[in-house]
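>
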Amino acid sequence: MTEIDLDRFLTADFAGRIALANKARGARLWSKQLAEVWSAAAARLEETGVPDRSAGQVLLREMIALAPDDPAALQAFGRWIGDDARNGVSAAVSIVHLIVSCEKYKTRAMALHARLAERLQPCLILLGGGDGPDAVFDEPFVIVPAADNYESLTPKVLEGLVAVRRRFGPVGVLKIDDDTLVAGPPRPDRIAALAAATQYAGQIAGGAGFDRCWHAGKCEQRSDEPYRGRYHGTWAGGPLYYLGPHAVELLVREYVFFPGEFDGHLYEDKAVADALRHHGILPEEIALGDVFGLAIAGEAPPQVEHLRLSGKTEQTSRTSIAPPLPEG
């Protein structure tokens, strides 16, 4: 870094660093050329022995974003996600049990954690709202840099997978909604069989006829209009699903290298399935509740009386409309 002041470079944000590099070179650099500047900055940090390790970690992730298809990005990923980030956690961990919650339902999540942690370890509660570049572990909580609302569930869960992968290494993850019920003891033999042979499983949901207004009334900032994305196939239902180590690795890499691929994904379980389907991994129908001693708090389509609209407009006389009841 001979052309840019390193301190000034580090105190700028991502866009500011790009502007500084372009100004120093007197040209608009291509992203791959910018990635070389980031690589030099990260190397300089190591040479100078800057005690703030997080600064180098930020540069490595930004370097991946600048040139994700370049071989150097894989090297940067290896340094960023490496085993040294496990902080000495035993490699004997095979499954991390991740209760996904939010500040609003934190008390409910803690009550579930108190029961699960007695029989399933390690067990963590995932919350959003983190304001740094990386997750913060404050056990039993892991707080990730994603908004803590319904419409941000996709990045929150993916950041949770990133945090788990960095801390524990290659492990499986059981994703658990905070309204899940404890129904009985877990089955260690079936858990071992699941971990040995499965990459993605749960209760099969979704498909072409899935509700497009599932989010209505749950979002803080997003419109309650119908979801407009395409349904590419089924997925493992969001309340409870399992991801094997290979599936976790694929999702982490997809999210770190190409986070824009997940933009607009309102339904987190669908986003997970779409990303894994791209790599040839499809959901398996497995009753995970029976395996782990859990029960899903389900939500079936409501059975309602025919709705009728009354009133009249200038163009029509009084009209009644009776939509059909949902099937099932």
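What the sequence shown shows, in numbering that gives the first Met the number 0, is residues 0 to 327, in sequence order.
The beta-carbon is built from N, C-alpha and C at its ideal position, and this holds for glycine as well.
1) To which residues of the same chain is G129 closer than 7 Å at the C-beta, ignoring the five residues directly before and after it?
2) In the structure shown, what three-state DSSP assignment does K174 receive?
3) How would you write the range of the alpha helix (DSSP H) that W234 sits in, first residue to last?
4) Using 8 Å as the cut-off, can you tell me whether the stretch 255 to 263 makes contact with the stretch 106 to 123, which would need three or more C-beta pairs spanning the two stretches below that distance?
5) Hey, out of T106, L173, A71, F261, whose CA is closest to V247's CA?
6) If I measure Cβ to Cβ from D188 and keep anything under 7 Å in the same chain, skipping five residues before and after, which residues do I get?
7) How big is the Cα-Cα spacing for I332 and D12?
8) CB-CB under 7 Å to P59, same chain, minus the five flanking residues each way: which ones, in chain order?
9) Does H277 pass the burial test, meaning 16 or more other C-beta atoms within 10 Å, or should it be called exposed?
10) With distance defined between alpha-carbon atoms, name the residue in E138, A39, T179, F140 nearest to L287.
11) Distance check for G206 and T315, CA to CA, integer angstroms please.
12) Tell me, which residues are paired with H96 by DSSP?
13) Could you give the first and the last residue of the continuous beta strand (DSSP E) run that contains V36?
14) Which same chain residues, not among the five before or five after V251, have their C-beta less than 6 Å away from its C-beta?
15) Given a cut-off of 9 Å on the beta-carbon distance, is the pair V99 and D177 in contact?
16) Taking Cβ to Cβ, would you say K217 is nearer than 9 Å to Y149?
17) If we ignore side chains and look at the alpha-carbon of each, how far apart do R211 and G228 end up?
18) To the nearest angstrom, how far is it from the Cα of R114 to the Cα of A54?
19) Shortest alpha-carbon distance to L33 belongs to which of P282, A18, R7?
20) Can you check which of these residues, R27, R16, A146, V271, is closest to T233 by C-alpha distance?
21) Run the CB neighbour count on G292, radius 10 Å, all protein chains shown included, and call it buried at 16 or more, exposed below.
22) Residues in the same chain with beta-carbon distance under 7 Å from A182, minus the five sequence neighbours each way, listed in chain order, please.
23) DSSP on D289, reduced to helix/strand/coil?
24) Using DSSP with H/G/I as helix, E/B as strand and the rest coil, what is V143?
25) From G127, G131, P139, L157, pick the residue whose C-alpha is nearest to that of D147; which is it?
26) P154 and F261: beta carbons closer than 9 Å?
27) DSSP three-state label for Q198, please.
28) In chain order, what residues of the same chain lie with their CB nearer than 7 Å to the CB of R16, ignoring the 5 residues before and after it?
29) Report the CB separation of Y199 from L275 in whole angstroms; it is logged as a contact under 8 Å.
30) Taking the Cβ atom as the reference point for each residue, do L125 and V156 lie within a distance shorter than 9 Å?
31) Would you kindly work out how many angstroms separate the C-alpha atoms of D133 and Q56, rounded to a whole number?
32) In the DSSP assignment, what are the bridge partners of L180?
33) Going by alpha carbons, who is nearest to P185 out of A196, R118, V170?
34) With 16 as the cutoff for other CB atoms within 10 Å, does E138 come out buried or exposed?
35) State the start and end residues of the unbroken alpha helix (DSSP H) segment that holds F76.
Taking the definition as stated:
1) V135, I142, V143, P144
2) strand
3) First-last for W234: 233 to 242, but that is the beta strand (DSSP E), not the alpha helix (DSSP H).
4) no
5) L173
6) none
7) There is no way to answer for residue 332, as the model of the chain reaches only from 0 to 327.
8) It is Leu, not Pro, that sits at residue 59 in the sequence shown. The beta carbon of L59 lies closer than 7 Å to those of A41, A75, R78, W79 in the same chain, with the five residues before and after it left out.
9) Looking at its Cβ environment, which holds fewer than 16 other Cβ atoms inside 10 Å, H277 is exposed.
10) T179
11) For T315, the predicted structure reports a pLDDT of 47, less than 50, and the residue's modelled location is therefore unreliable. The matter cannot be settled from this model.
12) C122, L173
13) Counting along the chain, V36 falls outside any beta strand (DSSP E), though it belongs to the alpha helix (DSSP H) covering 30 to 47.
14) L160, V161, R164
15) For the pair V99 and D177, the CB atoms are nearer than the 9 Å cut-off.
16) yes
17) Pairing R211 with G228, the inter-Cα distance amounts to about 9 Å.
18) 38 Å
19) A18
20) V271
21) buried
22) G288, G292, L293, A294
23) Reduced to three states, the DSSP call for D289 is helix.
24) coil
25) It is G127.
26) Yes, these two residues count as a Cβ contact at 9 Å.
27) coil
28) F8
29) 6 Å
30) yes
31) 9 Å
32) L180 pairs with A294.
33) R118
34) exposed
35) Going by DSSP, F76 is part of the alpha helix (DSSP H) stretching over 70 to 80.
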